[in-house]
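Peer 1:
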Amino acid sequence: TQLLEQSPQFLSIQEGENLTVYCNSSSVFSSLQWYRQEPGEGPVLLVTVVTGGEVKKLKRLTFQFGDARKDSSLHITAAQPGDTGLYLCAGAGAMGAQKLVFGQGTRLTINP
Amino acid sequence: DAGVIQSPRHEVTEMGQEVTLRCKPISGHDYLFWYRQTMMRGLELLIYFNNNVPIDDSGMPEDRFSAKMPNASFSTLKIQPSEPRDSAVYFCASKRYGVNTGELFFGEGSRLTVL
C-alpha cells in the first residue's frame, strides 16, 4: 500500500512569514498533485508535478517534486490570510494509474 | 458548467438505519471516485468506477457499504446498517482519463452523522 505522510499536520503562522509543507513516501509515484480544501468544500487542484526534480511556481507558491519521485514540498512565500486552508498531497502509482492516494493533509492558518 | 453534485449535503441518522448518498459527476468524465474524509484517517478512497464499471473497491470498509453506478450521470453509495463510526464527510469526485492522472474534481461532500 502506498502511503503519503505530510508534515506538519498543523501550522499557524503570522501574515508575511514563509513556510514549507512536506509530503513524503517510501514509494515512487508517477505523478504527484497538491490540492487545497476550504471548510465545507471539496479539495481543489493546485498543481501536478510529473518529472523528478521538477519545480513549479504558482504566484507565491512553489512546488517541488523530489528527484526520486518519492517526496514533494510546497513552499509559500509571504503567506496571506487567504492562504488558510487544508493542503493535501496526492500521488498516483504507475504511469497511467487513475487512482490517487492522499496524504492526511496540513492544516494551515495564517493570522493577520 | 455544473460541477460534481452531491446530495444530501447533511444527513443525521440513527444507528441501524440505511443511508444513501448520491452523486452526479461532470458530464463527459469517465471516472468516478467515492472518498471518505475524517480527522483521524484523512481522505480515504472507497471505490472508483471507469465507464460505470467498478474497478477497485478495496477501500470499501465492509459489506455494509455498497456502491453502484447505473449510468454515466449517477452513482450511489449506500450504508446498511449504519454505525456511529461511519460518521464522516463523503466526497464524490470525477475526472477524465489522463496519462498523468489528471485533475480530480470534487463535489462539496455529504456530511453524515450517525447517532
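Each protein sequence line maps, in turn, to chains A and B.
Mapping to this note's numbering: the first sequence position 14 is 14, numbers consecutive.
Mapping to this note's numbering: the second sequence position 63 is 1063, numbers consecutive.
We put the CB at the ideal spot given by N, CA and C, even for glycine.
1. How would you label P1008 (chain B), buried or exposed, when you count the other beta carbons within 10 angstroms and need 16 or more for buried?
2. Straight-line CA distance for D67 (chain A) to H1010 (chain B)?
3. Can you say whether T1101 (chain B) is buried or exposed, counting buried as having 16 or more other CB atoms within 10 angstroms of its CB?
4. Does G82 (chain A) come out as helix, strand or coil in the three-state DSSP assignment?
5. At 9 Å on the CB atoms, spell out the chain B contacts of S12 (chain A), in chain order.
6. Determine the direct distance from the alpha carbon of L1104 (chain B) to that of A92 (chain A), and round the result to whole angstroms.
7. Pair every Cβ in the region 100 to 109 of chain A with every Cβ in the region 10 to 19 of chain A, then say whether three or more of these pairs are closer than 8 Å.
8. Considering V1097 (chain B), what are the terminal residues of the beta strand (DSSP E) in which it resides?
9. According to the neighbour-count rule (16 or more other Cβ atoms, all chains shown, within 10 Å of its Cβ), is S1058 (chain B) buried or exposed?
10. Is it buried or exposed for M1069 (chain B), if we count other Cβ within 10 angstroms and need 16 for buried?
11. Check the C-beta distance from S25 (chain A) over to D71 (chain A) and give it rounded, since I have them as a contact under 8 Å.
12. Check D1056 (chain B) in the structure and name its three-state DSSP category.
13. Work out the CA separation of C23 (chain A) and L3 (chain A) for me, nearest whole Å.
14. Can a CB atom of chain A be found closer than 9 Å to the CB of N1050 (chain B)?
15. What residues from the region 39 to 52 of chain A come within 8 Å of chain B, judged by C-beta to C-beta, listed N to C?
16. If Q6 (chain A) and C89 (chain A) are in contact, beta carbons under 8 Å, what's the gap, nearest whole angstrom?
Peer 2: Let me spell this out:
1. For the purposes of this step, residue 1008 (chain B) is taken as residue 8 along the second sequence, with counting starting at 1. By the 10 Å Cβ count, P1008 (chain B) comes out exposed.
2. Your numbering for residue 67 (chain A) matches position 67 in the first sequence. Your numbering for residue 1010 (chain B) matches position 10 in the second sequence. Taking the Cα positions, D67 (chain A) is about 43 Å away from H1010 (chain B).
3. The residue labelled residue 1101 (chain B) in the question sits at position 101 within the second sequence. Per the 10 Å Cβ criterion, buried.
4. Residue numbering aside, residue 82 (chain A) sits at position 82 when the first sequence is read from its first letter. Reduced to three states, the DSSP call for G82 (chain A) is helix.
5. Residue mapping note: residue 12 (chain A) aligns to position 12 of the first sequence, counting from 1. Residues of chain B with a Cβ closer than 9 Å to the Cβ of S12 (chain A) do not exist, since the nearest Cβ in that chain sits about 17 Å away.
6. For this step, residue 92 (chain A) is matched to residue 92 along the first sequence. For this step, residue 1104 (chain B) is matched to residue 104 along the second sequence. Here the alpha carbon of A92 (chain A) sits roughly 12 Å from the alpha carbon of L1104 (chain B).
7. Yes, since at least three Cβ pairs between the region 100 to 109 of chain A and the region 10 to 19 of chain A fall closer than 8 Å, the two stretches touch.
8. Within the second sequence, numbered from 1, the residue matching residue 1097 (chain B) stands at position 97. For the sequence presented, residue 1097 (chain B) should be read as Tyr rather than Val. Note, Y1097 (chain B): premise wrong, no beta strand (DSSP E); not H, not E.
9. On the second sequence, position 58 is the one that residue 1058 (chain B) refers to. The residue in question, S1058 (chain B), is exposed, as its Cβ has fewer than 16 Cβ neighbours within 10 Å.
10. Taking the first residue of the second sequence as position 1, residue 1069 (chain B) is located at position 69. The residue is buried, with at least 16 neighbouring Cβ atoms inside 10 Å.
11. Here residue 25 (chain A) refers to the residue found at position 25 of the first sequence. Here residue 71 (chain A) refers to the residue found at position 71 of the first sequence. Rounded, the Cβ-Cβ distance is 7 Å, consistent with contact.
12. Taking the second sequence and counting its residues from 1, the one referred to as residue 1056 (chain B) is at position 56. Residue state, collapsed to three classes: strand.
13. For the purposes of this step, residue 3 (chain A) is taken as residue 3 along the first sequence, with counting starting at 1. For the purposes of this step, residue 23 (chain A) is taken as residue 23 along the first sequence, with counting starting at 1. Distance between the alpha carbons of L3 (chain A) and C23 (chain A): 10 Å.
14. Position 50 of the second sequence, counted from the start, is the residue given in the question as residue 1050 (chain B). Chain A, which has a Cβ nearer than 9 Å to the Cβ of N1050 (chain B), makes this yes.
15. Those would be G40, E41, G42, P43, V44, L45, T48, V50, in chain order.
16. Position 6 of the first sequence holds residue 6 (chain A). Position 89 of the first sequence holds residue 89 (chain A). Going by Cβ atoms, the distance from Q6 (chain A) to C89 (chain A) rounds to 6 Å, so yes, they are a contact pair.
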